[in-house]
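As they're listed, the protein sequences go chains A and B.
Numbering (the numbering used here) for the first sequence: 1 to 670.
Numbering (the numbering used here) for the second sequence: 1001 to 1478.
Note that the Cβ used here is the ideal one computed from N, Cα and C, for glycine as well.
Take a look at the structure below.
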Amino acid sequence: MQTVYLSLVLAPLFGAIIAGLFGRQIGRSAAHWVTIIGVAISFLLSLAVFKHHVIDGAPAYNATVYTWMVIDGIRLEVGFLVDSLTVMMITVVTFVSLMVHIYTIGYMHDDPGYQRFFSYISLFTFSMLMLVMSNNFLQLFFGWEAVGVVSYLLIGFWFKRPTAIYANMKAFLVNRVGDFGFLLGIAAVLMYFNSLDYQDVFHAAPLFANAKMQIIPGVEWSVMTVTCILLFIGAMGKSAQVPLHVWLPDSMEGPTPISALIHAATMVTAGIFMVSRMSPLFELSTTALSFVLVIGSITALFMGFLGIIQNDIKRVVAYSTLSQLGYMTVALGVSAYSAAVFHLMTHAFFKALLFLGAGSVIIGMHHEQDMRKMGGLRKYMPITWFTSLLGSLALIGFPGFSGFYSKDSIIEAVHASHIPGSGFAYFAVIVGVFVTAFYSFRMYFLVFHGEERFHHHDDAHGHGHDAHHDDDHGHGHHGGTPHESPWVVTVPLILLAIPSVIIGGKTIAPMLFGDFFQGVIHVAPEHDTLHHLASEFHSALGMAFHGLLTLPFWLAMAGVGSAYYIYMKRPDIAEKTRAKFAPVYRLLDRKYGFDDFNQAVFADGSVVAGKALWKYGDAGLIDGVVVNGSAKTIGWLAGVVRHVQSGYLYHYAFAMIIGLLGLLTWIVVR
Amino acid sequence: MTFVPPDLMPALPEIFVATMACLVLVIDVYLPEARRTTTLWLSIATLLFAALLTLATAPEARVPGFHGHFVRDAMGDVLKIGVYLSMAAALLYSRDYLRNRTLFKGEYYVLALFAVLGMMVMISAASFLTVYLGLELLSLSLYALVAFDREDGRCSESAMKYFVLGALASGMLLYGISMMYGATGSLNLASVAQAIAGKGDKTLVLIFGTAFLVVGLAFKLGAVPFHMWLPDVYQGAPTSVTMIVASAPKLAAFALTMRILVEGVAPLGADWQQMLMVLAALSIAAGNVIAIAQTNIKRLLAYSTISHVGFILLGFVAGTAEGYAASMFYALTYVLMTVGSFGLLILCGRAGVEIENISDLKGLNDRSPWLAFMMLVLMMSTAGIPFLVGFYAKFAVLQAVVAQGFVGLAIFAVILSVIGAFYYLRVVKVMYFDKAEDDTTLSVSADAQVLMGANGLAVMLLGVYPSGLMALCSAAIH
């Protein structure tokens, strides 16, 4: 099996290298073929691995492939841990990645960086697989950073646009903050467990349940709490939790396919995956779980609000992603790890679908992203319309759709939890349902229904952040009638729509209430919120029917209804509300002031501090005194001493005699 | 009195080189001027075959010979192979150089082979007698080589200086030997060690004798304040001879230090370690600081040698097997880098144009990017920049020193190395960032190119995988 795992990981890397280094030589179509074949191999192999482990019931595989070095007993290795969690992740990652690869052929059709793009997304797939298949913290960190780098490269893919460069710089910096915590967490693990291997660490973890540490003298902290919170800070950066969420909306500067792949379906869920993987550690600290829970609920609720006022189609989906990541984090907080991972999976499908749908709309609208200039697209883009409707229904958790099962389980799990913060979390996820339904269908109605607003805005087209693309894109007739996208775009939409609808119902029984995650995810008995649900669960169908009678369903319907009423029937209400609640609107428009705060305090503050350090510390002290000062002294000294070397033989002989005399004197005197 | 013939087998490589040196001398006499290359190839073949012979006859354990005057052991074999290879490389590098300067004569190669023989005897010496025999054979050959370009006044001047100062140093060494002989009644190094250990208390004559021995060794190595000959000889001698003086003899000097101090007067370790510590610190300081003021690249490399000698001595200061192994590693890699650096200077010069000043390397990158890159690697390695062998060599020595508690000394050495990095990097800067005054492209013969490549590659590879050579050195010392 090791060969299979290795090929699974390396196939995309191979494609990335070929397309990246030889892209110019092999041409455009060869570049997309080689990367698509690489990812397709990965996908097929992951299906084989799925069959091997899940259907045939093979035990988890855990082995080292390569030992890099051994330092003081600590082994730095590359190894694979393949169990049901890994199998699920690799299947989802390779499937979504394959869909995105195919979709990219259509979306990036006219882009001059075609080969580079394919190389990057294949490299991303490799990195993500390394991350999820790791059996140790070091490789996890490698994958973690590698996906970060690719994400950085892709956000700034159109590197001639200042906004893209700003966005990728921001993503990079914010992620550094998270990674700093993550690295400290790994260091704490290494310090206390003296190993980086998952198995060793998880095995030894219960021994440290009550261990204390002192960082500030006199203040004792629990080792597990500190370690888990540090690790979770890493997850907050990658999975965009408040207050480290600020990079994700801006990451929409990247091309839409990667928004779907990296910033919705896979990379941003790495934090969720990591915490689930670390469940044996997190279970030992209720404090850490509460922290996770509160951060998750804040993200779930407040980021949803922001989705309501966005006009850029991609940004609506981006805020929805933030909010859904908040839901997953909430599930982690209440120890419903399997629910979090379950939502991760369903979300990957329907959010990738929504993003690709949004991308398809953008292609159809000739790279227009403002929803106020759309409307009535249903009859021009039937496939995109229908798949987007399915995706939206899955997102709001309409009974029977994938999102329903995962989101409802999370809500129920929160309801059953009693750890500190669960009351607020329950409120947040319940209100979140209404908000989600409202902004999702606001977008849906604005884009696909109502009057066609694009004819009136013909002349306004080529401006804004898409100016780059209009120049070289081949349609030529701006502002013409929208059209359905080519098959390379619509086929992935259809293929993603299928799991968005059915996969939840098909898999909820084994994943949440069965033994799918047996031995992978550990839940302490006092935290076991899903156990309570299991007793009420009978069948997926039953759950769907029961869902029609619950509060979340009615809240979702209320959200859809109000969106329909406000944006289809009485558009003036939206305007009036905005005018009436101007302070609230301003607050939302400024995204609660996070960006302004960061800009004012961290960005400008660093510049000021940097300037001061440069002027007084670097130029004055280091350059002036230490470097130039000592260099001058040495130069002077060298100039003086050099004259000792006079060239006269008797001087030289004299020096030798003096040296000998010195030695002898010293012997006698000492 | 019966004559017991000595066992000649341990000295087979020496006997072979001696025979071949005489043969080359005779053959060369009958060669027409146009076939002079034969002498070169014959000499190189002699050296390479001697390497094979040394490998093939390497004994398992220490083998004494010539009634205890001679010894064959692993350390000697490793160093001898280092000597053969560096000398062979030096001869190959300098072929075109000599030809362009009408120095391409048979005597050059004969003298080089006799110098090799002298070094071999030094390396394998087990008594003061053989020590002195080898040392004089080497020195006399080198004096003649330095004066090889008779027409050039500077050549003769530097040879004269070298000769007089060398005689002085030999005198001091001999004086030290006589004191040792007087105090212990033996010339054999092992017996000297036993006699000193048996005496119990240290008499002043022993310590004075040690001081004179140290002075003799320090002169050969070129440690401050017995270094004065070095810059003048480096500058005055033809570059190809400088390469010979700067490289292999340091290995012999290292071996000499091992034989005399570590094997011979080992019981006085505490005394000579302190003396060497002073010499090491002075060498590192003076070498690195004075180098900064140099404009002549050969003088610059001379001061660089002095600072490296300081590092080699540091390993002796540590006084442990690890320290000696680190010193040996340092000496071997120093020779590798030195042969490369001088080889480059030789290859960069052409008929009538010699690389004398650092400014002559201006814009080397435009004239021959490959040579410039090799010089970059060699300079970085000499400066001790990580992932090149020079870094590891310094690191190993410092590690041994720190292990013995000389932290202050190690910090001192590191700070001065940082200062030293300046002048190596200046060479790099001149090569890459300054404009060439004469921008004709350089052409280098294919064999020299291959050798240069191998040299640079060895510096890089040993930097990444130093453990093999280090293990060899440790095994040879133990």
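Contacts that residue i makes with chain A (C-beta to C-beta distance below 8 Å)
i, result
"M1228/B", "Q645, H651, Y652, A655 and M656"
"A1286/B", "V641"
"F1208/B", "L664 and I667"
Cutoff 8 Å; reference residue i; Cβ partners in own chain excluding five residues on either side
i, result
"I165/A", "G156 and F159"
"A574/A", "I566 and Y567"
"G218/A", "none"
Pairwise C-alpha distance: residue j and residue i
i, j, result
"T1338/B", "G1200/B", "43 Å"
"T1203/B", "H1478/B", "30 Å"
"F1412/B", "L1282/B", "11 Å"
"F172/A", "A48/A", "36 Å"
"M274/A", "A340/A", "11 Å"
"L1140/B", "W1229/B", "15 Å"
"S285/A", "P510/A", "27 Å"
"V1335/B", "L1251/B", "8 Å"
"T1102/B", "Y1109/B", "14 Å"
"H1069/B", "A1286/B", "37 Å"
"V608/A", "Y616/A", "12 Å"
"L1388/B", "A1471/B", "18 Å"
"E526/A", "A1410/B", "58 Å"
"N1100/B", "L138/A", "59 Å"
"D72/A", "A612/A", "41 Å"
Residue i: contacting residues in chain B (beta-carbon distance under 8 Å)
i, result
"V625/A", "Near V625/A there are no residues of chain B at all, since even the closest Cβ is about 16 Å away, more than 8 Å."
Local Cβ density within 10 Å of residue i, reported as buried at 16 or more and exposed below that
i, result
"K314/A", "buried"
"I215/A", "exposed"
"Y650/A", "exposed"
"H1443/B", "Just to set this straight, residue 1443/B is Ser in the shown sequence, not His. That one is exposed."
"D1149/B", "buried"
"E1322/B", "buried"
"Q681/A", "Limits of chain A in this structure are 1 at one end and 670 at the other, which puts residue 681/A out of reach."
"C1348/B", "buried"
CB contact check: residue i to chain A, cutoff 8 Å
i, result
"M1172/B", "yes"
"F1387/B", "no"
"D1232/B", "yes"
"L1268/B", "no"
"P1225/B", "yes"
Interface partners of residue i on chain B, CB under 9 Å
i, result
"V669/A", "Result: empty, since nearest Cβ-Cβ is about 12 Å, beyond 9 Å."
Chain-ordered neighbours of residue i on chain A, where CB pairs are closer than 9 Å
i, result
"F1316/B", "Per Cβ cutoff of 9 Å: no residues; F1316/B is ~15 Å from chain A at best."
Same chain, Cβ closer than 7 Å to residue i, neighbours up to 5 away in sequence not counted
i, result
"V330/A", "L293, G296, S297, A300, I410, V414, A425 and V429"
"L1085/B", "A1051"
"K407/A", "Y327, H343 and G397"
"L1012/B", "L1053 and T1057"
"M1460/B", "V1377 and L1388"
Close-in-space but distant-in-sequence residues of the same chain around residue i (CB under 6 Å, 5 per side omitted)
i, result
"F232/A", "V292"
"V560/A", "A437 and F441"
"T269/A", "L344"
"G20/A", "S119"
"R1062/B", "D1073"
Proximal residues of chain A, C-beta to C-beta of residue i below 7 Å
i, result
"M1275/B", "L663"
"V1289/B", "I634, L637, A638 and V641"
Cβ of residue i within 8 Å of any chain B Cβ
i, result
"G635/A", "yes"
"A638/A", "yes"
"G464/A", "In this predicted model, G464/A has a pLDDT of only 41, less than 50, meaning its place in the structure is not dependable; the value taken from the coordinates is given anyway. No - not a single Cβ of chain B is within 8 Å of the one on G464/A."
"G23/A", "no"
"L588/A", "no"
"G629/A", "no"
"L660/A", "yes"
Chain-ordered chain E contacts of residue i [CB-CB under 8 Å]
i, result
"L76/A", "No chain E is part of this structure, whose protein chains are labelled A and B."
Any non-hydrogen atom of the ligand NAP within 7 Å of residue i CB
i, result
"G593/A", "The ligand NAP is not part of the structure shown, which contains no ligands of any sort."
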